[in-house]
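I have placed the structure first, in the form of structure tokens, so that the comments after it can refer back to it.
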Amino acid sequence: MKEILLNPIFLMPILIIGLTYIGISYTLVSRNPKLAFKAEKVLIFVFILVMAGFNWGLFERLHPLASAVHGTTLAARIGQLAIYGAILFIFFPRLSNTLKDSLQVLVITLIENPFLYLLFLMMSLSMFWSEIPILTLRHTLVLLGITTVAAYIAKQYNWVELCGFIKWATALQAILSLIDRDPQGKGWTGIYGHANGHGSHMGLSVALWAWYAVNYPKQRWFAVIIAAISLLLVEKTNSAGAKVQIFVYFSFLIYLQVVKKLPPKWQFVAVVLFIILFSIATILITENLETIVVDVLGKDMTFTGRRPMWELLWETKIKSHLWLGYGYYSFWQPWRGISDSGLVIMPNGYKVPNAHNGFMEIILDIGMIGLIFFLLAYLKTIATAIRYMNQSNQRESVLPFLFLMYLIMPALTNNRIIDFSDFWCYYIFVVVRLSIDLHQMSVSRKEQSKMLDQSVIPKLRD
1 MKEILLNPIF
11 LMPILIIGLT
21 YIGISYTLVS
31 RNPKLAFKAE
41 KVLIFVFILV
51 MAGFNWGLFE
61 RLHPLASAVH
71 GTTLAARIGQ
81 LAIYGAILFI
91 FFPRLSNTLK
101 DSLQVLVITL
111 IENPFLYLLF
121 LMMSLSMFWS
131 EIPILTLRHT
141 LVLLGITTVA
151 AYIAKQYNWV
161 ELCGFIKWAT
171 ALQAILSLID
181 RDPQGKGWTG
191 IYGHANGHGS
201 HMGLSVALWA
211 WYAVNYPKQR
221 WFAVIIAAIS
231 LLLVEKTNSA
241 GAKVQIFVYF
251 SFLIYLQVVK
261 KLPPKWQFVA
271 VVLFIILFSI
281 ATILITENLE
291 TIVVDVLGKD
301 MTFTGRRPMW
311 ELLWETKIKS
321 HLWLGYGYYS
331 FWQPWRGISD
341 SGLVIMPNGY
351 KVPNAHNGFM
361 EIILDIGMIG
371 LIFFLLAYLK
381 TIATAIRYMN
391 QSNQRESVLP
401 FLFLMYLIMP
411 ALTNNRIIDF
421 SDFWCYYIFV
431 VVRLSIDLHQ
441 MSVSRKEQSK
451 MLDQSVIPKL
461 RD
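Just so you know, the sequence shown maps onto residues 1 to 462 in full-length UniProt numbering.
Given below as structure tokens:
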């Protein structure tokens, strides 16, 4: 098939047809702003599905990570870039208007959360000490591109609309995973290719749709059905971590009702303490408490062994590159053979594929300095979310905390944190959208105060 497509006899007609469709699409978008707006929403929905790991056919090929990883052919990279370029060209008439305030948004987010920018600076600079500079550069550029798209989405749509995108995306993921169950060894993997990832996504779906069932009575029955499907899928993944995550999400949402009544400074302390204590509890449950795991969560103990692995990683790999790490995504590259920095073998001969902990992955990538920048950025985002919760009248004002927990909880025993995933995109949604909303609230208060002063001063003069 590839040889046929590359044959000049077939290639030229295909290119002509493709360019014709691109031209027609460009014309339609430029002449019909409403159509452009609807088409953009469809693309955003597709973007969220792709970032969540939706691996059906073309969706898997659309994932930007394919342009960064080792082994991707030049033709595949060019093809993917051509698709992205075509999308940008088609939507150029809309983007020429919607991007006008981008510099202002950049400044607002920089002021609100400078540590996030320092984190990106650290990742970019890590190519200078990376063992594979070109690989680090490619992964950094791809992550920057994904983050830029997520920031654009957050800029264009209000918080309620963003939650709507995520809500319906999780519903579709649940339904498709019920159809394409794909049982593999441990449990169902659904549309994700791995049971743990499937469990984490469905854990968020359970919590999110349960919240909507409680807060939106008109959607209650549909929300309950999606939450029930998601809960069934969590059970079928046999992922103890996902079950723990659901418990933490519900506990946190209930806990926030108490936190709201505290002074702002104590709210911050209360939220941070909750995250720390429940993070420790999650690791203890999934690693040490055999009785809880076996009797309550229904999982055998073959998954244990992370603690010895973490100790081995610390002693043999992290200590020697403690402050700067090995360079973003230059660790865990098995294609390098014995030259791979990530060649870690347990005493029983098991080759460790990854750190099974998002925080350790950050240290391996960009060292303790990078971890400090991330933690500061995360803590600043918590403070921003608290301010937003206190100042906003929207029911969805508590949901930023759910997505902040979604970034951290799966990473305690499995996921990377700074990665090409919906976990990271939702975090960027929170950072950018809340920064914009708080800025607009501040400007609005100042204008109201100014108008009040202008109306009072003449009366005083009279």
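The C-beta atom is built at its ideal place from N, Cα and C for all residues, glycine as well.
Asked: Those residues which DSSP pairs with Lys-351 across a bridge; Found: Ile-345
Asked: DSSP state of Pro-334 mapped onto helix, strand, coil; Found: helix
Asked: Environment of Gly-79 [buried if 16+ CB atoms lie within 10 Å]; Found: exposed
Asked: Of the listed residues Asn-238, Ile-22, Ala-150 and Ser-67, nearest to Met-202 (C-alpha basis); Found: Asn-238
Asked: Sequence ranges, beta strand (DSSP E) only - wholly within the stretch 4-65, length at least 3; Found: none
Asked: Touch test, the stretch 364-378 against the stretch 98-107, Cβ-Cβ under 8 angstroms, three pairs minimum; Found: no
Asked: First through last residue of the alpha helix (DSSP H) which encompasses Glu-161; Found: 159-179
Asked: 7 angstroms Cβ cutoff met for Ala-169 and Ile-48; Found: yes
Asked: Close-in-space but distant-in-sequence residues of the same chain around residue 465 (CB under 8 angstroms, 5 per side omitted); Found: Outside the shown range of the chain (1 to 462) lies residue 465, about which nothing can therefore be said.
Asked: Cβ pair Leu-376, Phe-115 closer than 7 angstroms; Found: yes
Asked: Buried versus exposed, by CB contacts within 10 Å (16 or more), Glu-290; Found: Note that Glu-290 has pLDDT 45, beneath the 50 cutoff, so the model's placement of it is unreliable and the number below is only indicative. Burial call: exposed.
Asked: Residues near Trp-209 by beta carbon distance below 8 angstroms, same chain, minus five either side; Found: Lys-167, Thr-170, Ala-171, Ala-223, Val-224, Ile-226, Ala-227 and Ser-230
Asked: Distance, Val-46 Cα to Val-294 Cα; Found: Residue placement at Val-294 cannot be trusted, given a pLDDT of 48 that sits under 50; what the coordinates show is reported in the next sentence. Distance between the alpha carbons of Val-294 and Val-46: 38 angstroms.
Asked: Cut-off 7 angstroms between Cβ atoms - residues of its own chain near Ser-397, not counting five sequence neighbours on either side; Found: Tyr-388 and Met-389
Asked: Presumed contact (8 angstroms Cβ cut-off) between Gly-342 and Gly-370, rounded CB distance; Found: Contact doesn't hold; Cβ gap of about 17 angstroms is too wide.
Asked: Reduced DSSP secondary structure (H/G/I, E/B, other) of Trp-211; Found: helix
Asked: Beta-carbon gap between Ala-411 and Gly-327 smaller than 7 angstroms; Found: no
Asked: Short Cβ contact (7 angstroms threshold) for Asn-348 with Trp-332; Found: no
Asked: DSSP-derived helix/strand/coil call for Glu-187; Found: Note on identity: in this sequence residue 187 is Gly, with Glu being the wrong assignment. It is a strand residue.
Asked: Distance, Lys-34 Cα to Ser-96 Cα; Found: 15 angstroms
Asked: Straight-line Cα distance separating Thr-413 from Trp-310; Found: 11 angstroms
Asked: Ile-87 and Val-29 closer than 7 angstroms at C-beta; Found: no
Asked: Start-to-end residues for the alpha helix (DSSP H) that takes in Ser-96; Found: 92-98
Asked: Thr-98 versus Glu-235: straight-line alpha-carbon distance, rounded; Found: 43 angstroms
Asked: Pair within 7 angstroms by beta-carbon distance, Ser-330 and Thr-136; Found: yes
Asked: Three-state class that DSSP yields for Thr-410 in the structure shown; Found: Reading the sequence as shown, one finds Pro at residue 410 and not Thr. Here Pro-410 sits in helix by DSSP.
Asked: Endpoints, alpha helix (DSSP H) assigned at Ile-318; Found: No alpha helix (DSSP H) contains Ile-318, which DSSP labels as neither H nor E.
Asked: Distance CB(Ile-428)-CB(Ala-150) smaller than 7 angstroms; Found: yes
Asked: Of the residues Arg-433, Lys-380 and Ser-67, the one placed nearest Leu-399, counting alpha carbons only; Found: Arg-433
Asked: Spatially closest choice to Thr-109 from Tyr-152, Phe-274 and Ile-44, by CA coordinates; Found: Tyr-152
Asked: Contact set for Asn-158: own chain, Cβ-Cβ below 8 angstroms, skip 5 residues either direction; Found: Arg-433 and Asp-437
Asked: Between the CA atoms of Leu-176 and Ile-83 - distance to the nearest angstrom; Found: 25 angstroms
Asked: Residue 463 - containing alpha helix (DSSP H), residue span; Found: Only positions 1 to 462 of the chain appear in this structure, which leaves residue 463 out of reach.
Asked: Ser-67 - containing alpha helix (DSSP H), residue span; Found: That residue, Ser-67, is in no alpha helix (DSSP H); it is neither H nor E in DSSP.
Asked: Within 7 angstroms, strictly: CB atoms of Met-122 and Phe-373; Found: yes
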